[in-house]
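Chemist: Per the working numbering, the sequence shown runs over residues 2 to 165.
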Amino acid sequence: MMRDALAIALSLLCTALLAGSATAAQPAPVKAKKAAIKPARYHAAGMPASAARFYALSYGVDQMSVKLAESGQLVRFNYRVTDPGKAGALHDKAATPYLLDEKVHAVLQVPVMEKVGPLRQAVPAEYGKSYWMAFSNKGNVVKAGHRVSIVVGQARMDGLVVQP
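1) What residues in its chain sit with their C-beta under 6 Å from that of Pro98, if we drop five residues either side in the sequence?
2) Out of curiosity, what's the CA-to-CA distance linking Leu69 and Val143?
3) Should Ser141 go down as buried or exposed, given a rule of 16 or more other Cβ atoms within 10 Å for buried?
4) Per DSSP, Leu101 is paired with what?
5) Are the stretch 124-139 and the stretch 68-84 touching, with three or more C-beta to C-beta distances below 8 Å?
6) Do Glu103 and Ser150 have their beta-carbon atoms positioned less than 9 Å apart in this structure?
7) For a test of the three-state rule: what should DSSP assign to Ala25, helix, strand or coil?
8) Closer than 7 Å by C-beta to Gly47: which residues in its own chain qualify, once you throw out the five before and the five after it? Chain order, please.
9) Rounded to the nearest angstrom, what separates Leu58 and Ser66 at their Cα positions?
10) When the distance is taken between beta carbons, is Leu91 closer than 9 Å to Val62?
11) Assign Val76 to one of two classes, buried (16 or more other C-beta atoms within 10 Å of its C-beta) or exposed (fewer than that).
12) Can you tell which of Gly73, Pro125, Lys139, Ala50 has the C-alpha that lies nearest to the C-alpha of Ala145?
13) Closest by CA to Arg148, which one among Phe78, Ala126, Gln155, Pro119?
14) Output the boundary residues of the alpha helix (DSSP H) element that contains Leu58.
15) Where Gly89 and Ala96 are concerned, what is the direct C-alpha to C-alpha distance, given to the nearest angstrom?
16) Look up Gly89 in the DSSP assignment and say whether it is helix, strand or coil.
17) Alpha carbon to alpha carbon, what distance is there between Leu109 and Ala156?
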């Protein structure tokens, strides 16, 4: 009984070795480990038009975008002012802006440089001009494709997709 099992194992081993030498030029496929995180079924497509209209009416801004800087260490939020009175909330120097990423539970702030000051434009808003603010992304926590929220004082813009 033991001898039969040993003979079968030896013949399987020889067969495997012969099959392996015939395809030695091609690497053997590696069994993939089960991924702990499944890939997302749905991909972020951007902000719906109804949300863009809401933010234009509520906060006086449009053409909002969130992009990673080249190194990924900064996340830049751009917007264009359509109503300077309503957009004043985004330009308040006393209000601290935050970028929230609920997927990775991250809260990013605008860094303050020693000689430059905060990396944001806090001048009075003018109609038709584009403005920006940059958030520190140490450790590249926020990645392209994540949905984030921008909070400045009472103003909150949800559902912005981070672009690469």
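A virtual CB, placed ideally from N, CA and C, is assigned to each residue, including glycine. Everything numeric in this text was worked out from a predicted model, so none of it was measured.
Modeler: The short version:
1) One-based indexing of the sequence shown puts residue 98 at position 97. Counting only residues of its own chain and dropping the five nearest sequence neighbours on each side, Pro98 has a CB closer than 6 Å to the CB of Val111, Met134, Val153.
2) Reading the sequence shown from its first residue, position 68 is the one you call residue 69. Reading the sequence shown from its first residue, position 142 is the one you call residue 143. When rounded, the distance between both Cα atoms is 9 Å.
3) As a first step, residue 141 must be located in the sequence shown, where it is residue number 140. Strictly speaking, residue 141 in this sequence is Asn, with Ser absent from that position. Under this definition Asn141 is an exposed residue.
4) The residue given as residue 101 occupies position 100 in the sequence shown. Looking at the DSSP assignment, Leu101 forms a beta bridge with Val108, Ser150.
5) Judged by Cβ distances under 8 Å, the stretch 124-139 makes contact with the stretch 68-84, as three or more pairs qualify.
6) Taking the first residue of the sequence shown as position 1, residue 150 is located at position 149. Taking the first residue of the sequence shown as position 1, residue 103 is located at position 102. Yes; because the gap between Cβ atoms is below 9 Å, this pair is in contact.
7) Translated into positions along the sequence shown, residue 25 becomes position 24. Confidence at Ala25 is low in this model, with a pLDDT of 49, below 50, so the placement of that residue should be treated as unreliable; the coordinate-derived value is given next. If DSSP states are grouped into helix, strand and coil, Ala25 belongs with coil.
8) As a first step, residue 47 must be located in the sequence shown, where it is residue number 46. Closer than 7 Å at the Cβ level, and outside the excluded window around Gly47, lie Val162.
9) Counting from one through the sequence shown, the residue named residue 58 turns up at place 57. Counting from one through the sequence shown, the residue named residue 66 turns up at place 65. Going by the C-alpha atoms only, they are around 17 Å apart.
10) On the sequence shown, residue 62 is found 61 positions in, with the first residue counted as 1. On the sequence shown, residue 91 is found 90 positions in, with the first residue counted as 1. The answer is yes: Cβ separation under 9 Å.
11) Start at 1 with the first residue of the sequence shown, and residue 76 comes out as number 75. In the assembly as shown, Val76 is a buried residue. Its beta-carbon has 16 or more other beta-carbons within 10 Å.
12) What you label residue 145 is simply residue 144 of the sequence shown in a count that begins at 1. Taking only the C-alpha atoms, the option nearest Ala145 is Gly73.
13) Taking the first residue of the sequence shown as position 1, residue 148 is located at position 147. Cα-wise, what sits closest to Arg148 is Phe78.
14) Taking the first residue of the sequence shown as 1, we reach residue 58 at position 57. Note, Leu58: alpha helix (DSSP H), 50-60.
15) Numbered from 1 along the sequence shown, position 88 holds the residue referred to as residue 89. Numbered from 1 along the sequence shown, position 95 holds the residue referred to as residue 96. Cα-Cα distance, rounded: 11 Å.
16) In the sequence shown, counting from the first residue as 1, residue 89 sits at position 88. Helix.
17) Indexing the sequence shown from 1 puts residue 156 at position 155. Indexing the sequence shown from 1 puts residue 109 at position 108. Roughly 16 Å between the two C-alpha positions.
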